[in-house]
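If you're matching positions, the sequence shown starts at 1 in this note's numbering and goes up one per residue.
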Amino acid sequence: MTMRQTISSGSPMEEIAAYSRAVIDGGFVFVSGTVGVDPETRELPDDFTAQARNAFLIIERALDQAGASLDQTTHVRLFVSDRANLPAIVPVLQEKFGKSRPAQTMIIAALPDPKALLEVEVTVRLNAYEIEKPI
């Protein structure tokens, strides 16, 4: 029987809001919605691309703790606060998911912190195999 495991990024919000950065359960890693704070300073940069890169850095660190990587992502969900930023996310998505091409949902939505320009959550399958070409 596999035990449920939780992963923390050390963010104070995880304690305040009673959530984990990621949960390993049933052969999957579920990574909570992650905004683009600088993981060292805990500040949000003004730049959309910088926030996106920070969010993925935090996610990649959590996945590393789980023994996984973005290459095993089965689904990515992005919440973007302004439609005008959509072109800026494309190069980041190509860099992070160009080979694995997970299912993806992008939602235009207001975020709890008005300075946050995006929030990213991913679901990763542990022991996922690589598909050579799309079907």
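Backbone N, C-alpha and C fix where the C-beta goes; we use that ideal spot for every residue, glycine too.
Do you know offhand how far residue i's Cα is from residue j's?
i     : j      : result
ASP25 : ALA110 : 29 Å
SER20 : SER32  : 7 Å
ALA52 : VAL92  : 7 Å
GLU65 : ALA22  : Here the sequence assigns Gln to residue 65, which means Glu is not the residue at that position. When rounded, the distance between both Cα atoms is 9 Å.
MET3  : GLY67  : 15 Å
SER11 : THR34  : 10 Å
PRO39 : ILE16  : 17 Å
PRO45 : PHE28  : 31 Å
GLU95 : ARG125 : 20 Å
SER8  : ALA84  : 32 Å
ALA88 : VAL76  : 17 Å
ALA62 : SER100 : 19 Å
THR74 : THR41  : 30 Å
Residue i bridges to which residues according to DSSP?
i      : result
THR123 : PHE30, HIS75
GLN5   : ILE24
VAL35  : GLU119
Output the boundary residues of the alpha helix (DSSP H) element that contains residue i.
i     : result
ARG53 : 48-65
PRO12 : 12-16
My parser needs the beta strand (DSSP E) runs of 3 or more residues fully inside the segment 72-113; what are they? 73-80, 103-108
Three CB pairs or more closer than 8 Å across the segment 97-108 and the segment 40-59: no
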